[in-house]
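In this note's numbering, the protein residues as written are 739 to 826.
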């Protein structure tokens, strides 16, 4: 299922390198596969393994993005606003 790996990574508080789904692009924009080749993704993964503080920063930022864009309450409000607009 698209985005499942990125969503699981977010919940497990680990980075998700590669992937080209919406969730990867939203939550891990600096690590997703969109517009990157295999060598670039390998370099990203190697950097995260060699520099744990970068890994921690990525996970923290992903959590912030997740709370802003994917948290249930946020999505529920957006859906409510959407359906109110189309019901008019």
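Glycine is no exception: its CB is placed at the ideal position from the N, C-alpha and C atoms.
Q) Should residue 753 and residue 800 be called a contact, given that it needs their Cβ atoms to be closer than 9 angstroms? A) For the purposes of this step, residue 753 is taken as residue 15 along the chain shown, with counting starting at 1. For the purposes of this step, residue 800 is taken as residue 62 along the chain shown, with counting starting at 1. For residue 753 and residue 800, yes; Cβs fall inside 9 angstroms.
Q. Counting Cβ pairs closer than 8 angstroms, one from the region 789 to 799 and one from the region 743 to 757, do we hit at least three?
A. yes
Q.
At the level of alpha carbons, what is the spacing between residue 811 and residue 781?
A. Your numbering for residue 811 matches position 73 in the chain shown. Your numbering for residue 781 matches position 43 in the chain shown. Whole-angstrom Cα-Cα distance: 36 angstroms.
Q.
If I measure Cβ to Cβ from residue 803 and keep anything under 6 angstroms in the same chain, skipping five residues before and after, which residues do I get?
A. Within the chain shown, numbered from 1, the residue matching residue 803 stands at position 65. Counting only Cβ-Cβ distances below 6 angstroms, and skipping sequence neighbours, we find 765.
Q | Own chain residues within Cβ distance below 6 angstroms of residue 745, not counting five before or after | A | For the purposes of this step, residue 745 is taken as the residue at position 7 of the chain shown. 761.
**Q.** Ordered list of alpha helix (DSSP H) runs contained in the region 751 to 798, each at least 4 residues
**A.** 760 to 765, 776 to 788
Q | Inter-residue spacing [alpha-carbon to alpha-carbon] between residue 823 and residue 787 | A | As a first step, residue 823 is located in the chain shown; it is residue number 85 there, counting from the start. As a first step, residue 787 is located in the chain shown; it is residue number 49 there, counting from the start. Each residue's Cα considered, the two are about 46 angstroms apart.
Q.
With H, G and I counted as helix, E and B as strand and the rest as coil, what does DSSP make of residue 826?
A. For the purposes of this step, residue 826 is taken as residue 88 along the chain shown, with counting starting at 1. Looking at residue 826 - three-state DSSP - the assignment turns out to be coil, as it is neither helix nor strand.
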